[in-house]
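Novice:
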Amino acid sequence: MAQTNTIVICRGCGKKLSVTNKEGSRRRYALCPVCDSHVKIKDSAAAGLPRAIYLEKATAVEEHEAFREDEKTKVLVKAECAEGSRFISGKPLERLKTLSAVRSIREEDEALVIEFACDHLRHETGAEVSTDEDFMWDLDSVLRKVALTSKLDPKSLRKDSAEVVRSAWVEPWILTGGKIEARRHFRGCVIESVNFKALECDSDIVFEDCLFTGDVSIESDVARDERTGATTSFVSRFHQKLVFERCVFAGNIGVRNIVCDDGVLVKDCTVHGFVQASDLRAAQDLIIKRSSLRGELDVRRARIEDFSLKFSRLGSRVLGSELRTSGETDFSHAFFCGSIDFHRAQFRGCDVLGANFLAPAYFLGASFSGVVRFGLDYHTFELYERKGEQLLSLYGITRLAHLVTRVSADMDFSNSLFEQGLFFDRVEFGKVDGERPKLSFVNTQFLGETHFDRIEKLDADLDFTTCVAEELTFNASRIEGRLILDDAFVKGRITLAGTEFGRDSTLSFYSASLSNFSVYQDIHLEKRDESADVSGRFSLVRRWRQAKKTRLFYKNLIDDLESADDYDLRIRGLEDTSGKDLEIEAMNRSIQEFVLLKESFERRGMGNEQDWAFWNLSNIRCDRDFEQSLQNRNYIGAVLAKLKYYVFGKAFGWGIRLGNIGITSIAVILIFAFVLHLVGLSGVKIEYDHVIVSLADTTMPEKVLLSFHSFFNVLYGDWTPTETAPLLKFALTFESIVGIVLTTFFVGAYTRKVLH
Numbered sequence: 014m015a016q017t018n019t020i021v022i023c024r025g026c027g028k029k030l031s032v033t034n035k036e037g038s039r040r041r042y043a044l045c046p047v048c049d050s051h052v053k054i055k056d057s058a059a060a061g062l063p064r065a066i067y068l069e070k071a072t073a074v075e076e077h078e079a080f081r082e083d084e085k086t087k088v089l090v091k092a093e094c095a096e097g098s099r100f101i102s103g104k105p106l107e108r109l110k111t112l113s114a115v116r117s118i119r120e121e122d123e124a125l126v127i128e129f130a131c132d133h134l135r136h137e138t139g140a141e142v143s144t145d146e147d148f149m150w151d152l153d154s155v156l157r158k159v160a161l162t163s164k165l166d167p168k169s170l171r172k173d174s175a176e177v178v179r180s181a182w183v184e185p186w187i188l189t190g191g192k193i194e195a196r197r198h199f200r201g202c203v204i205e206s207v208n209f210k211a212l213e214c215d216s217d218i219v220f221e222d223c224l225f226t227g228d229v230s231i232e233s234d235v236a237r238d239e240r241t242g243a244t245t246s247f248v249s250r251f252h253q254k255l256v257f258e259r260c261v262f263a264g265n266i267g268v269r270n271i272v273c274d275d276g277v278l279v280k281d282c283t284v285h286g287f288v289q290a291s292d293l294r295a296a297q298d299l300i301i302k303r304s305s306l307r308g309e310l311d312v313r314r315a316r317i318e319d320f321s322l323k324f325s326r327l328g329s330r331v332l333g334s335e336l337r338t339s340g341e342t343d344f345s346h347a348f349f350c351g352s353i354d355f356h357r358a359q360f361r362g363c364d365v366l367g368a369n370f371l372a373p374a375y376f377l378g379a380s381f382s383g384v385v386r387f388g389l390d391y392h393t394f395e396l397y398e399r400k401g402e403q404l405l406s407l408y409g410i411t412r413l414a415h416l417v418t419r420v421s422a423d424m425d426f427s428n429s430l431f432e433q434g435l436f437f438d439r440v441e442f443g444k445v446d447g448e449r450p451k452l453s454f455v456n457t458q459f460l461g462e463t464h465f466d467r468i469e470k471l472d473a474d475l476d477f478t479t480c481v482a483e484e485l486t487f488n489a490s491r492i493e494g495r496l497i498l499d500d501a502f503v504k505g506r507i508t509l510a511g512t513e514f515g516r517d518s519t520l521s522f523y524s525a526s527l528s529n530f531s532v533y534q535d536i537h538l539e540k541r542d543e544s545a546d547v548s549g550r551f552s553l554v555r556r557w558r559q560a561k562k563t564r565l566f567y568k569n570l571i572d573d574l575e576s577a578d579d580y581d582l583r584i585r586g587l588e589d590t591s592g593k594d595l596e597i598e599a600m601n602r603s604i605q606e607f608v609l610l611k612e613s614f615e616r617r618g619m620g621n622e623q624d625w626a627f628w629n630l631s632n633i634r635c636d637r638d639f640e641q642s643l644q645n646r647n648y649i650g651a652v653l654a655k656l657k658y659y660v661f662g663k664a665f666g667w668g669i670r671l672g673n674i675g676i677t678s679i680a681v682i683l684i685f686a687f688v689l690h691l692v693g694l695s696g697v698k699i700e701y702d703h704v705i706v707s708l709a710d711t712t713m714p715e716k717v718l719l720s721f722h723s724f725f726n727v728l729y730g731d732w733t734p735t736e737t738a739p740l741l742k743f744a745l746t747f748e749s750i751v752g753i754v755l756t757t758f759f760v761g762a763y764t765r766k767v768l769h
């Protein structure tokens, strides 16, 4: 039997092999000692061997160069090949080089060393919020390396094998159906891809310091009966934890529609693709900690216990509609570069301490059964200040300032439910593209306390339209934006103790039901001119203009319809209203606000503030009646409204302004003094100081004194009419009546102020 040795190329690894050919041999292949590939007949035929010759044995041929000119796309672990050695080969080197995480590929000793970077977010504070990613993110690239010394065919993992796989190149691990009974631990491996379908695993699977060049897909499977067309679902189930620690993923992670009894852990990892955990059923938790996700995170319809994104960087959007968590949710120190969408999600407690929101966050229809903390409450903060690092270590930080959350984009909690409490204490707000963020709590229910306390610059628009709350507090904060409480129902109290309002801030609360609204006229409602000099002295013109300015949005809208921007009109449904209709609607809403203010001031015994609210309320009512009468072409009603405004408002001061009554009284006395001067021209004589004189002979100061006596109904003593003069009698009688009315109003207003 003839026997020859022929040099062939193994298609598995590209190495040269010396093949022993025996004519008539029954073996149709030879085993490559380099990659354990089978060199079949077609390989020998490609090498020019007769098809009648069968392969029996292959021996590696020594090569002293790592890469041949025509094989630069091949990965060779070892330069010198010898018979019996095991190598990693046949994998595209250029594919590894294109991965952004791979820093270098080199040979050390008898291994192929691959260094890759895992991006970790180093938490820093004190930086201004900016859209510049290089400025915002301080990425500490931690280099890791794996030294590949062997090649692993996943089929070699027996069901009863529990060995730790180290420093290996793992080919695509594809399992459809079946069961893994023993623990799988991969350490320092390069794994092409993982694809599990309808798999049951009794032990945990751990990937540590691994580099995934492809996708990780763990999902359920659906089988279809070709005869009946019926489908059957086979759910993948993991009875222990699924762990990815210090790994880099060039592709995506998908754990869709599986059951994981002990949860999923992604720690200190970098994912260049997306993470999809939709429809996940984890009895324990889903923890993504200190990881960098450049793609989106999808946890829609997942059912988990604890959900954590602590110290993670989310480079794209987070999708979590209809998420259900039965344990704690922790977003502390997370950086959200993309939008967040948790429509109709259900959370227990939620910690968002030290997080940073650079994109909009939507929690529409979400429910929170526990306490939600975007900031620490006052007592906890003071406790941590006293205890220092002992308690701060619980959050993985070194400074108390690291617990400050930064919000630079819109947040929408419309139609949400907070069953226990919401704390926004000490949150920092920033602007993106010059726009202040908007926090919407429209139609939200707050069954516990809600605090926005001690915020140095609350530069955001807070919209609590139609909300239901037990208590709202904005203590010791400075509000720079809009505070909207329209149609709100607050059972407890709304407090603004020590709260300041910025130059452009506005307040509105029309049709609201507020049991205890601790707002103050001079601090919260009146708009001060911040352009005043250091001494605080104002010019008379500035004082007069400043007296008309308030922080009440609808009151300012009456004076200047152009002051309303699109946002204010849109949220109140007035975008299609303009002109007189808009002015009348603003009057109606302003009236309701002043009614509420009057009642609030009255309950707290604030007499001057109550008079201020009643004054504005009465004036706006008259203006409203006048405008409505003109629109309805009721000119008599318009005249009566104006007459009421000037008589009772300007002249009588609505019975509360002593100054208006006093000025009106002096004006009446002077007017009737002039009337006496006209009457005296007709030759009317009076008895003045027991002397009969002509009224025309008295001086003007004497006529003012005579008018003063008539105003207070003093018709005896200094002077008495001596003859019949109908005009004089009518003037004296009318002046006496006006004097009695004005005196009565003055005494009533003064008595009211004394009682207050």
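So the numbering used here is basically just the index in the sequence shown, starting at one, shifted up by 13. The beta carbon of each residue, even a glycine, is placed where N, CA and C say it ideally should be.
If you follow the alpha helix (DSSP H) that THR711 is part of, which residue opens it and which one closes it?
Specialist: Locating residue 711 in the sequence shown gives position 698, counting from the first residue. Unbroken run through THR711: none, as it is neither H nor E.
Novice: With 16 other CB atoms within 10 Å as the buried threshold, where does ASP572 fall?
Specialist: Looking up residue 572 in the sequence shown gives position 559. Result: exposed.
Novice: Should TYR763 go down as buried or exposed, given a rule of 16 or more other Cβ atoms within 10 Å for buried?
Specialist: Taking the first residue of the sequence shown as 1, we reach residue 763 at position 750. Burial call: exposed.
Novice: If you reduce the DSSP assignment to three classes, tell me which class GLN253 lands in.
Specialist: Here residue 253 is taken as the residue at index 240 of the sequence shown, counted from 1. Here GLN253 sits in coil by DSSP.
Novice: Just to confirm my understanding: we take GLY383, look at its own chain, exclude 5 residues before and 5 after, and list those with CB closer than 8 Å. What are they?
Specialist: Start at 1 with the first residue of the sequence shown, and residue 383 comes out as number 370. Cβ neighbours of GLY383 beyond the five flanking positions: GLU341, PHE360, ARG361, GLY362, CYS363, GLU432, GLN433.
Novice: Under the rule that 16 or more other beta-carbon atoms within 10 Å means buried, what is ASN621, buried or exposed?
Specialist: On the sequence shown, residue 621 is found 608 positions in, with the first residue counted as 1. ASN621 is classed as exposed because its beta carbon has fewer than 16 other beta carbons within 10 Å across all chains shown.
Novice: For PHE349, list the residues DSSP reports as bridge partners.
Specialist: For the purposes of this step, residue 349 is taken as the residue at position 336 of the sequence shown. Beta-bridge pairing links PHE349 to LEU327, PHE370.
Novice: Between ARG196, GLY666, VAL159, GLY201, which lies nearest to SER216 when the distance is taken from Cα to Cα?
Specialist: In the sequence shown, residue 216 corresponds to position 203, counting from 1. Closest option to SER216, Cα to Cα, is ARG196.
Novice: Would you mind reading off the limits of the beta strand (DSSP E) that contains ALA626?
Specialist: Position 613 of the sequence shown holds residue 626. Where ALA626 is concerned, there is no enclosing beta strand (DSSP E), although the alpha helix (DSSP H) it sits in stretches over 620–644.
Novice: For a quick check, are the C-beta atoms of SER490 and ASP466 less than 8 Å apart?
Specialist: The residue labelled residue 490 in the question sits at position 477 within the sequence shown. The residue labelled residue 466 in the question sits at position 453 within the sequence shown. Their beta carbons are under 8 Å apart, which means SER490 touches ASP466 by this criterion.
Novice: Of all the options SER613, PHE514, GLU596, LYS164, which has the alpha carbon lying nearest to the alpha carbon of ILE507?
Specialist: Residue numbering aside, residue 507 sits at position 494 when the sequence shown is read from its first letter. That would be SER613, whose Cα lies nearest to the Cα of ILE507.
Novice: Measuring straight from C-alpha to C-alpha, what distance separates ASP425 and VAL608?
Specialist: What you label residue 425 is simply residue 412 of the sequence shown in a count that begins at 1. What you label residue 608 is simply residue 595 of the sequence shown in a count that begins at 1. Straight-line Cα distance between these residues: approximately 30 Å.
Novice: Could you compute how far the alpha carbon of SER345 sits from the alpha carbon of LEU643?
Specialist: Here residue 345 refers to the residue found at position 332 when the sequence shown is read from its first residue. Here residue 643 refers to the residue found at position 630 when the sequence shown is read from its first residue. Going from the Cα of SER345 to the Cα of LEU643 covers about 59 Å.
Novice: Classify ILE127 as helix, strand or coil using the three-state DSSP reduction.
Specialist: Position 114 of the sequence shown, counted from the start, is the residue given in the question as residue 127. In the three-state reduction of the DSSP assignment, ILE127 falls in the strand class.
Novice: Would you mind reading off the limits of the beta strand (DSSP E) that contains SER528?
Specialist: Residue numbering aside, residue 528 sits at position 515 when the sequence shown is read from its first letter. Residues 526–531.
Novice: From which residue to which residue does the beta strand (DSSP E) around SER453 run?
Specialist: Here residue 453 corresponds to residue number 440 of the sequence shown, with the count starting at 1. That run of the beta strand (DSSP E) goes 451–453.
Novice: Could you tell me if TYR375 is buried or exposed, where buried requires 16 or more neighbouring beta carbons within 10 angstroms of its beta carbon?
Specialist: The residue given as residue 375 occupies position 362 in the sequence shown. Residue burial is scored here from C-beta neighbours: TYR375 has at least 16 other C-beta atoms within 10 angstroms and is therefore classed as buried.
Novice: Counting C-beta neighbours from all protein chains within 10 Å, is the total for MET713 16 or more, i.e. buried, or is it exposed?
Specialist: On the sequence shown, position 700 is the one that residue 713 refers to. Counting Cβ neighbours within 10 Å, MET713 comes out exposed, since fewer than 16 surround it.
Novice: By the 10 Å Cβ neighbour count, where 16 or more other Cβ atoms means buried, how is SER325 classified, buried or exposed?
Specialist: Indexing the sequence shown from 1 puts residue 325 at position 312. Looking at its Cβ environment, which holds 16 or more other Cβ atoms inside 10 Å, SER325 is buried.
Novice: Helix, strand or coil: how does DSSP classify VAL417 here?
Specialist: Taking the sequence shown and counting its residues from 1, one reaches residue 417 at position 404. If DSSP states are grouped into helix, strand and coil, VAL417 belongs with coil.
Novice: By a C-beta neighbour count over all protein chains shown, 10 Å radius and 16 as the cutoff for buried, is GLU450 buried or exposed?
Specialist: Your numbering for residue 450 matches position 437 in the sequence shown. In the sequence as presented, Glu is not what sits at residue 450; that position holds Pro. Its Cβ being crowded by 16 or more others within 10 Å, PRO450 is buried.
Novice: Shortest alpha-carbon distance to ASP343 belongs to which of LEU366, PHE355, PHE251, ARG670?
Specialist: If you number the sequence shown from 1, residue 343 lands on position 330. Relative to ASP343, the option among LEU366, PHE355, PHE251, ARG670 whose CA is nearest is LEU366.
Novice: In this structure, how does DSSP classify ILE674 when only helix, strand and coil are distinguished?
Specialist: Locating residue 674 in the sequence shown gives position 661, where the first residue counts as 1. Of the three classes helix, strand and coil, the one that applies to ILE674 here is helix, per DSSP.
Novice: Name the two residues that bound the continuous alpha helix (DSSP H) containing ILE604.
Specialist: The sequence position of residue 604 within the sequence shown is 591, counting from 1. Here the alpha helix (DSSP H) through ILE604 covers 592–616.
Novice: When we look at the beta-carbon of HIS796 and count the other beta-carbons within 10 Å, is it buried (16 or more) or exposed?
Specialist: Any question about residue 796 goes unanswered here, given that the chain covers just 14 to 769.
Novice: Between which residues of its own chain and VAL681 is the CB-CB distance below 6 Å, once the five residues before and five after are set aside?
Specialist: By 1-based counting over the sequence shown, the position of residue 681 is 668. Around VAL681: VAL751.
Novice: By Cβ distance, which residues of its chain are closer than 6 Å to CYS214, with the 5 residues on each side in sequence left out?
Specialist: Locating residue 214 in the sequence shown gives position 201, counting from the first residue. For CYS214, where only same-chain residues beyond five positions count, the Cβ hits under 6 Å are ILE193, PHE251.
Novice: Runs of 3 residues minimum, wholly inside the stretch 254–331: which ones carry the beta strand (DSSP E) assignment?
Specialist: Within the stretch 254–331, the complete beta strand (DSSP E) runs of at least 3 residues are 255–258, 266–269, 277–280, 298–302, 319–321.
Novice: Span of the alpha helix (DSSP H) holding PHE758?
Specialist: Here residue 758 refers to the residue found at position 745 of the sequence shown. Start and end: 739–768.
Novice: Which residues bound the alpha helix (DSSP H) around ASP572?
Specialist: What you label residue 572 is simply residue 559 of the sequence shown in a count that begins at 1. Unbroken alpha helix (DSSP H) run through ASP572: 566–572.
Novice: Could you check which residue in THR756, GLY447, ASP390, HIS415 has the C-alpha nearest to that of ASP438?
Specialist: In the sequence shown, the residue the question calls residue 438 occupies position 425. Of THR756, GLY447, ASP390, HIS415, the residue nearest in Cα terms is ASP390.
Novice: Can you check whether the CB of ASP228 is closer than 8 Å to the CB of VAL159?
Specialist: For the purposes of this step, residue 159 is taken as residue 146 along the sequence shown, with counting starting at 1. For the purposes of this step, residue 228 is taken as residue 215 along the sequence shown, with counting starting at 1. Going by C-beta atoms, VAL159 is not nearer than 8 Å to ASP228.
Novice: Around the Cβ of ASN645, are there at least 16 other Cβ atoms within 10 angstroms (buried) or fewer (exposed)?
Specialist: By one-based count along the sequence shown, residue 645 stands at place 632. Exposed, by the Cβ-count rule.
Novice: Identify, in the order they occur along the chain, each residue of the same chain with its Cβ nearer than 6 Å to the Cβ of ARG495, setting aside the five sequence neighbours on each side.
Specialist: Residue numbering aside, residue 495 sits at position 482 when the sequence shown is read from its first letter. For ARG495, where only same-chain residues beyond five positions count, the Cβ hits under 6 Å are ASP474, THR519.
Novice: For the alpha helix (DSSP H) holding GLY650, just list the boundary residues, first then last.
Specialist: For the purposes of this step, residue 650 is taken as the residue at position 637 of the sequence shown. Residues 648–657.
Novice: Buried or exposed, going by whether 16 or more other CB atoms sit within 10 Å of the CB of GLU441?
Specialist: Within the sequence shown, residue 441 is the residue found at index 428, counting from 1. With 16 or more Cβ atoms within 10 Å of its Cβ, GLU441 is classed as buried.
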